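Protein sequence lines correspond, in order, to chains A and B. So that you can map any letter, position 20 of the first sequence is 20 in this note's numbering, and since no number is skipped, the others follow by simple counting. So that you can map any letter, position 150 of the second sequence is 150 in this note's numbering, and since no number is skipped, the others follow by simple counting. For glycine and all other residues, C-beta sits at the position ideal for the given N, C-alpha and C. Note that the coordinates shown come from a computational prediction; the quantities given were computed from them, not determined experimentally. Following: one structure in structure tokens, then a few remarks.
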Amino acid sequence: MSWPVYLALKQLFPSGRRVPFFTLISVLGVSLGVALMLVTMSVMGGFGHQIKKMIIDTQGEVQVRARMLLDKPEAAAVEKVLAASAAVEAFAPYATGMVMLEYQSRPAFPAVQGFNYEQMKKVVPLDHYLTSGSLDNLDDDSVVLSSLLASSLGVKVGDTLSLYSPLALERAKHNELLLPRDVLVAGIFHVGHQQLDSSTVLCSLRLMQDLYGLEQRVHGYNVRLKPGADEYAAAAALNQNLPAGTRALTWFEANADFQAVLSFERNMIFFLLTFIIIVAAFSITSSLLVTVVRKTREIGLLGAMGGRAQHVAACFCVQGLFIGLAGTAAGLALGFTLLHFRDNLVGLIARMTMGPEAFVKFYQFSSLPAHTLPKDVAMIIIFSVLASTIAGLIPAWRAAKLQPVEALRSE
Amino acid sequence: MSVLQPSSPSVLSAAGLHKTYPSGDRTLAVLSGVDFAIEAGQSVSIRGESGSGKSTLLNILAGLDRPDRGELHWGTETAHQLSLGELTARRGRFLGMVFQSYYLIPELDAFANVLLGARVVGAVGATERTRATALLERVGLAERGHHLPAQLSGGERQRVAVARALMNRPKVILADEPTGNLDERTGDEVIALLLEVCAEENAALVLVTHNPAHAKKTNRQLALKNGQMGHA
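The following block contains the structure:
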């Protein structure tokens, strides 16, 4: 072991003596920053992971979308490609659009998704999200409403509401009257995603085709892949065989805007949290500068013993590196421990504040999701170790600048 | 040959050393043509009043400071022509230094402090460890090797410093008032030890001291006065 590394280690962790206060504080500063970054990024990742699961659960891993509507021969061609794909487990056609909905003179303008339930249940586990009613009761005269839509209208399972087709406007131009369609509420679902829960209606494919005058045409297909299949590879393979005017999109591509927002939020949070480590790095710089002043004579001694200036500098740089390594290791241990006990901590905070029930009601969760990505851990490690090492550069430069003769003469 | 120089080839020599320091608007001449030489195994004491330039001379001899003029030879090497960096690279093996305030590294135990001399100039192996142990034994601290400086008395710390200075088998030991922080009895013991071990190691000893009794124990006694070197 070279002497700068040896001396740096001994100064930080002297044998036979307590670990110096400076070392403890510096390591603690870095470790708190690392732990906070790890927990925050993991919880953000957890929410992202939940959202991914929710999207896949409601759309499948892949969606085949048509530029225009798919009529029967085109749909058959798409189905042939999907059936032939080794990666595809199941698929279901869908049609989608907007309708006006009215219940007791209260209007709403939700998005409607029509599908064949027998096919769709092999693709997405919609029944997992049903809070009341049953999807088995979904026929051409019934609908399933999202939870927030149902509560805003005051609708319960078994109530009847009116659906107004956009075709009514077209017919009105020709002085024809298209009456609203009365449908029964067969169920209410809640997936935990604001956009879907606030304004979505599920209905049979035939009802949707009737409302929009689609005849037997569809907008696309939701596709469930076999376990372990890579969605990007599967989508790319499908795109090579799908007929012109249709395209297979992964769940990520199909929700690109939303994913971009999530990604931006994650990056912003990471960026903001880096300042905690930067502050810790400044504290390392300050502490090491004090050490340089305190150890001026020892620095002079090392020069008198034949120690080169760059080795003296390395001694302080290495101290920054070791603080970074120790702080990062301690921070990761603390972070993973906090993540392990996160539900206990959330429960404790809930009990101390508004109570667990209110917590679930307002924040929509009783357990905190967490999903730690290896690349996040790698970035945290690299950043914290790098920042701590750079923090040692200024003290190192000051130490290297000291002339041994001046340093030995200092009081 | 000057009376200040030995008759046999010197291991360390200086000729015509001049050194000035700015003092306000004036220039203060600290060394004005100092000649000095010492041969292997010899001991020389340098006395002088405070501010007479003893430490400045020692720093120049050690290659820590540069003279304004003059020559410095480390053995056959013309040290005054080397840069401070080159001097630093050679210093660790050529000479050892002992200071008034010991300057032990507080985080290292006595053994590690002695071994540090070897670490700074190269790798540490079994040979160096054996030598460090032997040196500690020689200075009477065989049982205190694992004690930190804070757990040692002043005399013991200075003994560790002496062992450290000898670690790399230097040709010269420069001791700058090594008994300045010690009581008389301990100081006498340290000087006696220094003289003994330097003789055993065939190292030249340059001892800067205020103490006439300590100075008398060396082979030659010199004095610095008005920037000039003379016999004490």
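Given 8 Å as the limit, is there contact between the segment 198 to 209 of chain B and the segment 170 to 182 of chain B, that is, 3 or more CB pairs closer than that?
Yes, they touch.
Alanine 428/A versus Gly347/A, Leu339/A, Pro369/A and Ala407/A, residue with shortest Cα-Cα distance:
Summary: the structure shown does not reach residue 428/A, with chain A confined to residues 1 through 411, and so no result is reported for it.
Answer with buried or exposed for glutamate 74/A, where buried requires no fewer than 16 other C-beta atoms within 10 angstroms of its C-beta.
Classified as buried, glutamate 74/A has 16 or more neighbouring CB atoms from the shown chains inside 10 Å of its CB.
Under 8 Å between beta-carbons, which chain A residues line up against alanine 89/B? List them in chain order, please.
Within 8 Å Cβ-Cβ: Gly306 and Arg308.
Closer than 8 Å, CB to CB, is glutamine 319/A near chain B or not?
Glutamine 319/A does not count as touching chain B.
Restricting to runs no shorter than 4 residues, where is the alpha helix (DSSP H) found entirely within the segment 64 to 98 of chain A?
Runs found: 72 to 84.
Determine, using beta carbons only, whether leucine 325/A and glycine 392/A come nearer to each other than 8 Å.
Inclusion of leucine 325/A and glycine 392/A in the CB contact set at 8 Å is not warranted, their separation being larger than that value.
Looking at glycine 220/A and alanine 66/A, is the spacing between their C-beta atoms short of 8 Å?
It is a contact, given that the beta carbons lie within the stated cut-off.
Does the contact criterion of 3 or more C-beta pairs under 8 Å hold for the segment 291 to 299 of chain A versus the segment 397 to 405 of chain A?
Yes, the segment 291 to 299 of chain A is in contact with the segment 397 to 405 of chain A.
What do you get for proline 9/B, buried or exposed, if any count of 16 or more other CB atoms within 10 angstroms of its CB means buried?
The residue in question, proline 9/B, is exposed, as its Cβ has fewer than 16 Cβ neighbours within 10 Å.
How many Å lie between leucine 243/A and asparagine 222/A at the Cα?
A small fix is needed here, since residue 243/A is proline in this sequence, not leucine. The alpha-carbon atoms of proline 243/A and asparagine 222/A are separated by roughly 16 Å.
Contacts that glycine 303/A makes with chain B (C-beta to C-beta distance below 8 Å)
Close partners of glycine 303/A in chain B (Cβ separation under 8 Å): Leu64 and Thr88.
Can you round the beta-carbon distance between glycine 114/A and methionine 208/A to whole angstroms, since I take them to be within the 8 Å contact cut?
Rounded to the nearest angstrom, the Cβ distance from glycine 114/A to methionine 208/A is 2 Å, consistent with a contact under 8 Å.
Closest Cβ-Cβ distance between glycine 33/B and chain A: below 8 Å?
Judged by the 8 Å Cβ criterion, glycine 33/B is not in contact with chain A.
In whole angstroms, what separates the C-alpha of glycine 48/A from that of aspartate 71/A?
When rounded, the distance between both Cα atoms is 36 Å.
Backbone CA spacing between threonine 186/B and isoleucine 46/B [nearest angstrom]:
Rounded to whole angstroms, the gap between the alpha carbons of threonine 186/B and isoleucine 46/B is 20 Å.
When you check each C-beta in the segment 243 to 255 of chain A against every C-beta of chain B, which residues fall closer than 7 Å?
So the list is empty, because no residue satisfies the distance condition.
Assess, as a yes-or-no matter, whether the segment 91 to 108 of chain B is touched by the segment 153 to 162 of chain B under the definition of 3 or more beta carbon pairs within less than 8 Å.
In this structure the segment 153 to 162 of chain B lies against the segment 91 to 108 of chain B, because at least three pairs of beta carbons, one per stretch, are closer than 8 Å.
Would you please verify whether the beta carbon of tyrosine 103/B is less than 8 Å from any beta carbon of chain A?
It does: the Cβ of tyrosine 103/B has a partner Cβ on chain A nearer than 8 Å.
Counting C-beta neighbours from all protein chains within 10 Å, is the total for glutamate 86/B 16 or more, i.e. buried, or is it exposed?
Here glutamate 86/B is exposed. Its C-beta has fewer than 16 other C-beta atoms within 10 Å.
Under 8 Å by beta carbon: chain A residues contacting aspartate 109/B
Within chain A, the residues near aspartate 109/B are Ser15 and Gly16.
Just to check my reading of the structure: leucine 332/A and threonine 40/A have Cβ atoms closer than 8 Å, yes? What is that Cβ distance to the nearest angstrom?
For a cut-off of 8 Å, the C-beta gap from leucine 332/A to threonine 40/A is around 14 Å, too long to register as a contact.
Just to confirm, are threonine 246/A and valine 88/A a CB contact at a threshold of 8 Å?
No, Cβ-Cβ distance for threonine 246/A and valine 88/A is not below 8 Å.
To be precise: take each residue of the segment 47 to 79 of chain B, compare its Cβ to all Cβ atoms of chain A, and keep it if any distance is under 7 Å. Which residues remain?
Under the 7 Å Cβ criterion, the segment 47 to 79 of chain B contributes Asn59, Ala62, Leu64 and Asp65.
Where do the ends of the beta strand (DSSP E) carrying glycine 220/A lie?
Here the beta strand (DSSP E) through glycine 220/A covers 218 to 225.
Exposed or buried, which one is alanine 14/B when buried takes at least 16 other CB atoms within 10 Å?
Burial call: buried.
Residues in the same chain with beta-carbon distance under 8 Å from proline 22/B, minus the five sequence neighbours each way, listed in chain order, please.
Closer than 8 Å at Cβ, skipping near neighbours: Leu28.
What number of angstroms, rounded off, separates the C-alpha of aspartate 343/A from the C-alpha of phenylalanine 336/A?
The alpha-carbon of aspartate 343/A is positioned some 13 Å away from that of phenylalanine 336/A.
Cross-chain neighbours of leucine 233/B in chain A, by beta carbon under 7 Å:
Residue 233/B lies beyond the stretch modelled for chain B, which goes from 1 to 232, so this question has no answer here.
Would you say histidine 190/A and isoleucine 51/A are within 8 Å of each other, going by their C-beta atoms?
Histidine 190/A is not a Cβ neighbour of isoleucine 51/A, given a cutoff of 8 Å.
Does any residue of chain B have a CB that is nearer than 8 Å to the CB of lysine 52/A?
No - not a single Cβ of chain B is within 8 Å of the one on lysine 52/A.
Taking contact to mean 3 or more Cβ pairs, one atom from each stretch, closer than 8 Å, check whether the segment 120 to 129 of chain B and the segment 305 to 315 of chain A are in contact.
Contact holds: three or more Cβ-Cβ distances are below 8 Å.
Residues of the segment 117 to 146 of chain B in Cβ contact with chain A at a cutoff of 7 Å, in chain order, please.
Cβ contacts with chain A: Gly117, Arg119, Val120 and Val121.
Could you please give the first and the last residue of the uninterrupted beta strand (DSSP E) stretch that includes serine 146/A?
Taken as a continuous stretch (DSSP letters only), the beta strand (DSSP E) holding serine 146/A covers 142 to 146.
Comparing the C-beta of glycine 92/B with each C-beta of chain A, is any distance below 8 Å?
Cβ-Cβ to chain A under 8 Å: yes for glycine 92/B.
Whole angstroms are fine: how far does the CA of serine 146/A sit from the CA of methionine 100/A?
In a straight line, the C-alpha of methionine 100/A is about 15 Å away from that of serine 146/A.
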